[in-house]
Amino acid sequence: MSETRSSEPAGYDPHELEAKWLPVWEELQPFRADDAAVVSGAKEKKYALTMFPYPSGDLHMGHAEVTALHDVIARYWRLRGFEVMNPMGWDSFGLPAENAAIRNDEHPATYTYGNIETQAASFKKFGISFDWSRRLHTSDPEYYRWTQWLFLKFAERGLAYQKYSPVNWCPNDQTVLANEQVVDGRCERCGAEVTKRELNQWYFRITEYAQELLDDLDTLGPTWPDRVVTAQRNWIGRSEGAHVDFSLHLADGSDRSVTVYTTRPDTLYGATFMVVAADAGLAGEIVAPDRRTAYQEYLEQTRRESDIERMSTDRPKTGVDLGITATNPVNGEQVPVWAADYVLADYGTGAIMAVPAHDQRDLDFARAMDLPVRRVIDTGEENPETSGIATTGDGTYVSSGELDGLSDKATGISRIVERLEAAGTGTGAVNFRLRDWLLSRQRYWGCPIPIIHCESCGAVPVPEDQLPVTLPDMRGADLKPKGVSPLATATDWVNVPCPSCSAPAKRDTDTMDTFVDSSWYFLRYCSPNDDTQAFDPELTNAWMAADIYVGGVEHAVLHLLYARFFTKVLADMGLLEVREPFAAQLNQGVVINQGKKMSKSLGNGVNLGEQLDEFGVDAVRLTLVFAGPPEDDIDWADMSPAGSLRFLQRAWRLAGDVTSAVGTSVVQGDPALRKVTHKTLHEAASLIEAHRFNVVVARTMELVNATRKAIDSGCGPADPAVREATETVAILLSLVAPYTAEEMWERLGHEPTIARTSWPEVDEALLVEDTVTCVVQVKGKVRDRLEVSPSISDGDLEALALAAPGVQRALDGAGVRKVIVRAPKLVNIVPA
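So, in structure tokens, the structure goes:
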């Protein structure tokens with residue numbers, strides 16, 4: 001021990017500790033997961049997964065928070081004896097990297113991989129226990145070869161297809177967006193207002209799995225955040241109703257059937273007109289010749305509007321009469337057919353039956369266009385025909401034929417559906433809000449779609465032995481968005497022979513949505529260097545599902561829904577045994593400053609690098625974890641990394657004060673301190689498993705104080721209980737402050753690394769309270785305290801309380817009217 005003492009630093013310097021221990025960890029690789037131990041069953045596995053970052057610059061406070069919280073779990077599981085896989089990679093394709101590269105006049109690859117190296121070095125410095133042998137980048141050909149292979153397998157199963165349809169268009173990024181990437185009518189990437197375009201695009205048929213995606217949320221409910229489960233339920237949006245067939249009577253004298261979906265087929269008697277989305281293909285097909293010019297003008301107007309504008313309830317209703325009628329299937333009435341912008345083309349067939357008395361948007365449209373309104377449910381409210389306010393509640397059916405007089409909605413729906421089915425004009429149906437996933441992007445920096453277009457053969461898959469279809473370098477080319485992919489200008493790359501007939505053909509010049517890349521990366525981590533398959537099924541089935549997935553709630557719909565879809569498809573392909581990828585999920589809050597989101601314009605930005613330079617990695621990590629429950633937002637203005645630094649100094653000094661030898665028996669150690677130590681360990685385990693990491697830090701601070709008090713109050717640094725307590729402090733700190741913990745571990749005489757030690761066993765006997773403090777009150781005021789057995793009876797406790805000196809003084813000879821006993825902690829005495 002004397003040699004250790006002589007080489008100890010004079011004081012606690014966090015930067016010296018970082019410089020000392022980072023190379024040791026690099027050499028020892030203590031966090032590398034052992035596949036063989038898991039496959040053989042020699043050790044139970046834990047897969048700790050955090051959402052991988054975009055390489056858009058160096059790490060920021062958000063990265064620091066999520067990885068600090070995530071690391072508590074991963075390190076705890078290792079200490080508990082699990083074989084832990086904790087990988088890291090980069091979601092390195094996509095618009096953020098490409099847009100930044102264009103701004104900086106760099107090639108996206110140069111920009112992306114430079115940032116990756118910067119972030120990797122920062123993650124290592126931050127002390128996160130990642131297994132760096134599993135590192136991956138989605139923009140590596142070795143990775144996207146398998147993204148392309150998966151696309152082709154999806155296509156073989158009919159789950160990838162191409163179609164013309166109105167799509168969300170970002171005029172700034174000059175690319176299409178999936179519905180999930182439009183937030184309040186704007187591009188979630190750049191904030192530009194989204195418009196519509198008619199394009200031929202690739203889709204994944206995620207709707208095939210809508211019901212299973214919905215049903216399996218029941219199994220995820222106990223371990224996923226409520227708001228995430230709710231968001232997914234709402235996005236999938238299951239509803240029950242009916243498909244109703246309306247016969248359209250066209251201007252040329254022919255008839256055509258169109259099917260609409262409604263959740264309220266019982267209100268069909270109130271359907272007084274039909275509305276077709278102005279930008280639906282159906283509208284252009286059925287419009288009467290004398291109305292075509294007016295319709296085309298209106299269509300152009302509609303295409304300039306965002307979906308949010310179109311769905312707004314408070315904007316004036318506009319539309320154009322298509323000059324045809326439809327037959328209402330329950331009463332035979334001829335109703336006019338209009339085109340309007342408040343109906344969306346991707347909702348069902350793009351057509352609705354309008355029941356203006358009981359739908360406010362329909363009513364507003366009817367009043368604007370002087371169309372009839374008929375109330376068919378009397379809710380007791382004023383008639384919408386006169387009030388202008390639609391009634392949406394339940395009531396008694398009126399003007400509804402055979403339903404008149406009924407007041408039960410379920411019965412009304414059932415009877416109408418039976419009638420429609422008997423007449424062959426409709427069926428009961430289930431509908432989903434979820435739409436198929438639009439994955440084509442008109443940008444360069446993404447995974448090329450492995451399809452070749454031939455005039456004779458159509459869309460031909462690239463043969464598997466020709467994968468990957470790598471991106472052309474295009475250095476020096478203009479990559480700015482122009483409405484079509486920059487790849488279209490790479491003629492040597494585009495022009496290829498057809499794999500089927502060898503005739504001249506062209507590659508698909510769109511790239512895939514980056515959410516495709518991130519829908520399976522967690523599977524690739526299980527065998528990241530396998531060049532023969534996307535992932536090794538044996539290894540993947542041994543590690544999956546991920547036991548925890550830590551990341552931001554902003555991915556509650558987008559990424560999580562897509563990853564769940566991919567997992568289910570791969571299970572159906574026989575490649576996976578699990579059908580859900582993430583067994584549990586933890587969402588972290590965000591780091592704000594001065595009550596607001598950090599922003600340079602507001603002058604409240606907090607630079608992570610500056611914080612690390614001033615206070616050190618451990619103090620910043622400790623501050624982030626101690627700030628509150630993981631899901632709460634952190635206001636950095638209220639935090640004290642300086643206070644965290646002072647606490648770490650106190651903990652570090654404990655390790656230098658211990659003089660007992662390693663392995664000294666603790667049986668004769670100070671019993672009071674041993675009780676605190678084992679109670680702390682016992683509570684810490686349950687707190688970590690409940691994700692209350694901030695309370696674990698608080699308990700660790702209390703243990704440091706108790707240990708210091710024990711040393712200073714006489715039991716001394718040689719007491720074995722002091723060593724036990726200090727080693728426990730080091731182990732607990734290893735979850736949040738690894739550099740300090742590693743140094744303490746060495747000062748205590750142990751070999752590195754503390755990550756390889758085990759969670760100490762709790763002595764259950766030390767958790768038993770010998771006595772508890774009973775508060776004795778007279779007329780509600782505390783008059784005495786008694787140390788009593790936890791198992792004391794009510795009668796014995798009452799006798800002790802009445803005899804207590806403080807009670808006797810308070811009563812001063814008065815009698816007792818009532819004694820309320822709550823053994824073993826409270827007695828309340830009411831004088832006569």
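Numbering of the sequence shown is given in full-length UniProt numbering, commencing with residue 1 and proceeding in unit increments. The beta carbon of each residue, even a glycine, is placed where N, CA and C say it ideally should be. These figures come from a predicted structure and were not determined experimentally.
- Item | For Cys774 and Ala823, the rounded distance between their alpha carbons | Within the sequence shown, residue 823 is the residue found at index 823, counting from 1. Within the sequence shown, residue 774 is the residue found at index 774, counting from 1. Whole-angstrom Cα-Cα distance: 8 angstroms.
- Task: Please confirm if the stretch 411 to 427 is in contact with the stretch 215 to 235, defined as three or more CB-CB distances below 8 angstroms between the two stretches.
- Result: Here the stretch 411 to 427 makes no contact with the stretch 215 to 235; the two share fewer than three CB pairs at distances below 8 angstroms.
- Lys709 - containing alpha helix (DSSP H), residue span: Taking the first residue of the sequence shown as 1, we reach residue 709 at position 709. Counting along the chain, the alpha helix (DSSP H) containing Lys709 begins and ends at 693 to 710.
- Under 6 angstroms Cβ to Cβ from Lys675, same chain only, skipping five residues before and after it: list those, please. Reading the sequence shown from its first residue, position 675 is the one you call residue 675. Taking C-beta separations shorter than 6 angstroms and ignoring five residues to either side along the sequence, the partners of Lys675 in its chain run Leu766, following chain order.
- Query: For Asp58, which residues from the same chain have a beta carbon less than 8 angstroms from its beta carbon, with the 5 sequence-adjacent residues on both sides left out?
  - Reply: For the purposes of this step, residue 58 is taken as the residue at position 58 of the sequence shown. For Asp58, where only same-chain residues beyond five positions count, the Cβ hits under 8 angstroms are Asn115, Thr118, Gln119, Ser122, Leu608, Gly609.
- Range covered by the alpha helix (DSSP H) that runs through Lys409: Residue mapping note: residue 409 aligns to position 409 of the sequence shown, counting from 1. For Lys409, the enclosing alpha helix (DSSP H) covers residues 409 to 423.
- Closer than 8 angstroms, CB to CB, is Ala19 near chain C or not? Annotation note: the requested chain C is absent from the structure, which comprises a single protein chain.
- Between the C-alpha atoms of Val484 and Ala33, what's the straight-line distance to the nearest angstrom? The residue you call residue 484 lines up with position 484 of the sequence shown. The residue you call residue 33 lines up with position 33 of the sequence shown. Answer to the nearest angstrom: the Cα atoms are 44 angstroms apart.
- Message: Can you tell me whether Pro9 is buried or exposed? The criterion is at least 16 other CB atoms within 10 Å of its CB, across all chains shown.
- Response: Numbered from its first residue, the sequence shown carries residue 9 at position 9. The predicted position of Pro9 is uncertain, since its pLDDT is 46 and thus under 50; no value can be drawn from it.
- Message: Beta-carbon within less than 8 angstroms of Ala698's beta-carbon, same chain only, minus the 5 sequence neighbours each way: which residues are those?
- Response: The residue you call residue 698 lines up with position 698 of the sequence shown. Closer than 8 angstroms at Cβ, skipping near neighbours: Phe626.
- Task: Identify the continuous alpha helix (DSSP H) that holds Ile452 and give its terminal residues.
- Result: The count along the sequence shown starts at 1 and reaches residue 452 at position 452. Secondary structure note for Ile452: it is in no alpha helix (DSSP H), and the uninterrupted beta strand (DSSP E) holding it is 451 to 454.
- Reducing DSSP to helix, strand and coil, say where Cys715 ends up. Against the sequence shown, residue 715 aligns to sequence position 715. The three-state secondary structure of Cys715, taken from DSSP, is helix.
- Task: Would you mind reading off the limits of the alpha helix (DSSP H) that contains Pro720?
- Result: In the sequence shown, counting from the first residue as 1, residue 720 sits at position 720. Element bounds for Pro720: 720 to 733.
- Query: For Ala534, which of Thr514, Ala546, Leu576 has the nearest alpha-carbon?
  - Reply: As a first step, residue 534 is located in the sequence shown; it is residue number 534 there, counting from the start. The candidate whose alpha carbon is nearest that of Ala534 is Leu576.
- Using the C-alpha atoms, what's the distance from Lys20 back to Lys709? Looking up residue 709 in the sequence shown gives position 709. Looking up residue 20 in the sequence shown gives position 20. Lys20 has its alpha-carbon roughly 30 angstroms from the corresponding atom of Lys709.
- Nearest to Leu523 by CA position, among Pro486, Lys568, His249, is which residue? The residue labelled residue 523 in the question sits at position 523 within the sequence shown. Ranked by Cα distance from Leu523, the first of Pro486, Lys568, His249 is Lys568.
- Item | Beta-bridge partners of Arg785, as assigned by DSSP | The residue you call residue 785 lines up with position 785 of the sequence shown. DSSP output for Arg785 lists Val775 as bridge partner(s).
- Task: Give every residue of the same chain whose Cβ lies closer than 7 angstroms to the Cβ of Ile413, excluding the five residues on either side of it in the sequence, and list them in chain order.
- Result: By 1-based counting over the sequence shown, the position of residue 413 is 413. Close CB contacts of Ile413 within its chain, under the 7 angstroms cut and outside five residues either way in sequence, are with Pro265, Asp266 (chain order).
- Query: With burial defined as no fewer than 16 other Cβ atoms inside 10 Å of the residue's Cβ, what is the status of Leu434: buried or exposed?
  - Reply: By one-based count along the sequence shown, residue 434 stands at place 434. Its Cβ being crowded by 16 or more others within 10 Å, Leu434 is buried.
- Query: Ser519: buried (16+ other C-beta within 10 angstroms of its C-beta) or exposed?
  - Reply: Residue 519 sits at position 519 when you count from the first residue of the sequence shown. Residue burial annotation: Ser519 is buried, with at least 16 other C-beta atoms found within 10 angstroms of its C-beta.
- Item | Cutoff 6 angstroms; reference Val662; Cβ partners in own chain excluding five residues on either side | Position 662 of the sequence shown, counted from the start, is the residue given in the question as residue 662. The beta carbon of Val662 is closer than 6 angstroms to those of Gly749 in its chain, skipping five residues each way along the sequence.
- Measure the alpha-carbon distance for Phe93 versus Arg443 and round it to whole angstroms. For this step, residue 93 is matched to residue 93 along the sequence shown. For this step, residue 443 is matched to residue 443 along the sequence shown. Approximately 10 angstroms, taken between the alpha carbons.
- Identify whether Gly552 lies in helix, strand or coil by the three-state DSSP scheme. Within the sequence shown, the letter at position 552 stands for residue 552. Note: Gly552 maps to strand in three-state DSSP.
- Ala619, DSSP secondary structure in three states: Your numbering for residue 619 matches position 619 in the sequence shown. Note: Ala619 maps to helix in three-state DSSP.
- Query: In its own chain, which residues sit with a C-beta less than 6 angstroms from the C-beta of Ala685, not counting the 5 before and 5 after it?
  - Reply: Translated into the one-based positions of the sequence shown, residue 685 becomes position 685. Answer for Ala685: no residue qualifies.
- Whole alpha helix (DSSP H) elements within the stretch 64 to 101, 4-residue minimum: Runs found: none.
- Item | Between the CA atoms of Val695 and Ala737 - distance to the nearest angstrom | Stepping through the sequence shown from its first residue, residue 737 is reached at position 737. Stepping through the sequence shown from its first residue, residue 695 is reached at position 695. Their Cα atoms are separated by approximately 15 angstroms.
- Item | Whole-angstrom distance between Pro55 and Thr110, CA atom to CA atom | Taking the first residue of the sequence shown as position 1, residue 110 is located at position 110. Taking the first residue of the sequence shown as position 1, residue 55 is located at position 55. Computed Cα separation, rounded: 11 angstroms.
- Message: Below 7 angstroms, is the gap between the Cβ of Tyr76 and the nearest heavy atom of the ligand GTP?
- Response: Among the components of this structure there are no ligands whatsoever, and the ligand GTP is therefore not found.
- Nearest residue (CA-CA) to Gly191, options Leu199, Phe204, Gln174, Glu198: Counting from one through the sequence shown, the residue named residue 191 turns up at place 191. When C-alpha distances from Gly191 are compared across Leu199, Phe204, Gln174, Glu198, the shortest belongs to Gln174.
- Which residue's Cα is closest to the Cα of Ala68: Ser734, Ile829, Thr272? By 1-based counting over the sequence shown, the position of residue 68 is 68. If we check each option's Cα against that of Ala68, Ser734 comes out closest.
- Task: Determine, using beta carbons only, whether Ala556 and Ala231 come nearer to each other than 8 angstroms.
- Result: As a position in the sequence shown, residue 556 is number 556, starting the count at 1. As a position in the sequence shown, residue 231 is number 231, starting the count at 1. Pairing Ala556 with Ala231 gives a Cβ-Cβ distance under 8 angstroms.
- Query: My guess is that Asn587 and Gly552 are in contact by the Cβ rule of under 8 angstroms, so how many angstroms apart are they, rounded?
  - Reply: On the sequence shown, position 587 is the one that residue 587 refers to. On the sequence shown, position 552 is the one that residue 552 refers to. With a contact defined as Cβ atoms closer than 8 angstroms, Asn587 and Gly552 qualify at about 6 angstroms.
- Query: Ordered along the chain, which non-local residues of its own chain (more than five positions away) have a Cβ less than 8 angstroms from that of Arg650?
  - Reply: By one-based count along the sequence shown, residue 650 stands at place 650. So the qualifying residues of the chain are Val704, Arg708.
- Neighbour-count burial assignment, Ser133, 16 or more Cβ in a 10 Å radius: Taking the first residue of the sequence shown as position 1, residue 133 is located at position 133. It counts as exposed.
- Query: Relative to the alpha-carbon of Gln29, which residue among Val827, Ala803, Ile754 has its alpha-carbon at the smallest distance?
  - Reply: Your numbering for residue 29 matches position 29 in the sequence shown. Looking at Val827, Ala803, Ile754, the one whose alpha-carbon comes closest to that of Gln29 is Ile754.
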